[in-house]
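So the protein sequences, as listed, match chains A and B. Sequential numbering of the first sequence, starting at 1089, is according to this note's numbering. Sequential numbering of the second sequence, starting at 1089, is according to this note's numbering. The beta-carbon is built from N, C-alpha and C at its ideal position, and this holds for glycine as well. Data block below; observations after.
There are 2 protein chains.
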Amino acid sequence: MVIKALIFDIFGTLVDWRSTIAKEAQTTLSPLGLNTDWLQFADAWRNEYQPSMEKIRSGERPFCNLDKLHLDNLDVVLNSLGWTQVDQGSREHLNKAWHRLAAWPDVAQALKLLRSKFILAPCSNGHIALMVQLARTNDWHWDAIAGAELAGDYKPQPKVYVRSAEALGFKPHETMMVAAHSSDLEAAAKAGLKTAFIARPDEYGPGLGESVPTTRVDWVGENLLDLAQKLSREH
Amino acid sequence: MVIKALIFDIFGTLVDWRSTIAKEAQTTLSPLGLNTDWLQFADAWRNEYQPSMEKIRSGERPFCNLDKLHLDNLDVVLNSLGWTQVDQGSREHLNKAWHRLAAWPDVAQALKLLRSKFILAPCSNGHIALMVQLARTNDWHWDAIAGAELAGDYKPQPKVYVRSAEALGFKPHETMMVAAHSSDLEAAAKAGLKTAFIARPDEYGPGLGESVPTTRVDWVGENLLDLAQKLSREH
């Protein structure tokens, strides 16, 4: 095996966006007298994510970073609830909750173990500044920040995976994409990368994440720590 | 003061390229029966550096990374010595010495101190993979890798500084460029960044580096640790 670098999906794979967003939405909006099912609020916000990136992938809209897309999407969700009175400062504060997402509990230990064997970088649709803040929030040590901003396009466009591997100094087949989403891994494999699936069965609520991959992958972990231990035995 | 991020020149400022290159050139080439003043060899190689980047800055040559420029420049130096018998494998091994440069002795401690106060990234003409390897060689913890590859051009083009600040999530005036070279800092200041000069008086040989800045800067350190201690007292 010649894997030199691991690149990671972040939202859902390393961080539990749903719990953090629900909590921060409640903290920001309930003092304004607004109340709802905050987990559903988080889901509604996340549901706008893929359609907003699709406009960029299709060329309909020029590349912009996730802070801008997340803020536009927050406006959509607030409007759909009729919460037009939320001031711009509160919107911008809540929007930055995506910079403060908490990691799944196995991640910090797993990344430490993996960094002793491989070059590590995020390959997320989140931009560099967002990745920097998430790493600070969760005490991660990346070798570099790869991903969408570096490539100027969004996953699953193949250039995002290929450019990330190249930036780290490796061929696609020397680089492995790690994600909890089969669609991400299928695209990475088509781009020539090795792939590892890890289960995050509760990403969208209990039992509503992916537990097993629906595409062929090179490695499977019950979580990131399980994958790290399996890879360590081979390297 | 509103400085949020520090970005760093690397060659000469954080690493002693001259000693490492001289040593690695000797180690690689003397077994082939080749001998010269190895420090002069390092200087000759480095002397090709600015002219090779100028072709890219001027638009005469498309952007390519430093591994390519360094290898072209090594060919020039070997040809000028008549050492045409050096095989391609030895050339490529020696070329990667730029990935293994040793830091000046104050750097590791200084970066640890600075990272407790600021977001940190290299802003070098070296590419991302080279910066990743230098960080591994010297046990540095960057928040991200900024610089030439991200901007698609070489310093002192203003976009390299501005794009680096933006990638970290900050305005130019919230970002400070740290370098041992007045020309680098003058360009960063023109691009709107704060600037800090640190002395590396022996960069090109004893007493042949810059000891004092020849342009107006915001901060001056006798070395990086001195600068880190001064900044820590204000933050």
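Distance between residue 1129 of chain A and residue 1110 of chain A, taken at the CA atoms: about 7 Å. Secondary-structure assignment with DSSP links residue 1309 of chain B through a beta bridge to B:1286. In this structure, the beta-carbon distance from residue 1316 of chain B to residue 1234 of chain B does not fall below 8 Å. Under the criterion of beta carbons closer than 8 Å, residue 1194 of chain B and residue 1313 of chain B qualify as touching, at roughly 4 Å. Burial of residue 1218 of chain B is indicated by the presence of at least 16 other C-beta atoms within 10 angstroms of its C-beta. With a cut-off of 8 Å on Cβ pairs, the segment 1091-1107 of chain B is in contact with the segment 1290-1309 of chain B, counting three or more such pairs. Under DSSP, residue 1294 of chain A shares a beta bridge with no residue. Taking the C-beta atoms as reference points, residue 1223 of chain A is found no nearer than 8 Å to residue 1103 of chain A. The Cβ of residue 1229 of chain B sits closer than 8 Å to at least one Cβ of chain A.
Residues of the segment 1206-1229 of chain A with a C-beta atom less than 9 Å from some C-beta of chain B are 1207, 1209, 1215, 1216, 1217, 1218, 1219, 1220, 1221, 1223, 1224 and 1229, listed in chain order. The alpha-carbon separation between residue 1094 of chain A and residue 1117 of chain A amounts to approximately 38 Å.
Following the DSSP letters along the chain, one finds residue 1263 of chain B inside the beta strand (DSSP E) bounded by residues 1263-1267.
For residue 1299 of chain B, there is no enclosing alpha helix (DSSP H), as DSSP marks it with neither H nor E. Selection B:1207, B:1249 and B:1220 evaluated against residue 1231 of chain B yields B:1207 as nearest (Cα-Cα). In the three-state reduction of the DSSP assignment, residue 1256 of chain A falls in the helix class, which pools H, G and I. For the segment 1232-1259 of chain A, residues whose beta-carbon sits nearer than 9 Å to a beta-carbon of chain B comprise 1232, 1233, 1234, 1237, 1238, 1254, 1255, 1256, 1257 and 1258. Of the other Cβ atoms in all chains shown, 16 or more fall within 10 Å of the Cβ of residue 1183 of chain A; this residue is therefore buried. One thing to note: residue 1247 of chain B has its Cβ within 8 Å of the Cβ of residue 1239 of chain B. Residue state for residue 1174 of chain A is assigned as coil, using DSSP reduced to three classes.
Using a Cβ distance threshold of 8 Å, residue 1127 of chain A and residue 1106 of chain A count as a contacting pair. Ranked by how close their Cα comes to the Cα of residue 1181 of chain B, the residues B:1203, B:1192, B:1270 and B:1155 have B:1155 in first place. In the three-state scheme derived from DSSP, where H, G and I count as helix and E and B as strand, residue 1207 of chain A is classed as strand.
In this structure residue 1241 of chain B is buried. Its beta-carbon is surrounded by 16 or more other beta-carbon atoms within 10 angstroms.
Burial check for residue 1210 of chain B: the Cβ neighbour count within 10 Å reaches 16 or more, so the residue is buried.
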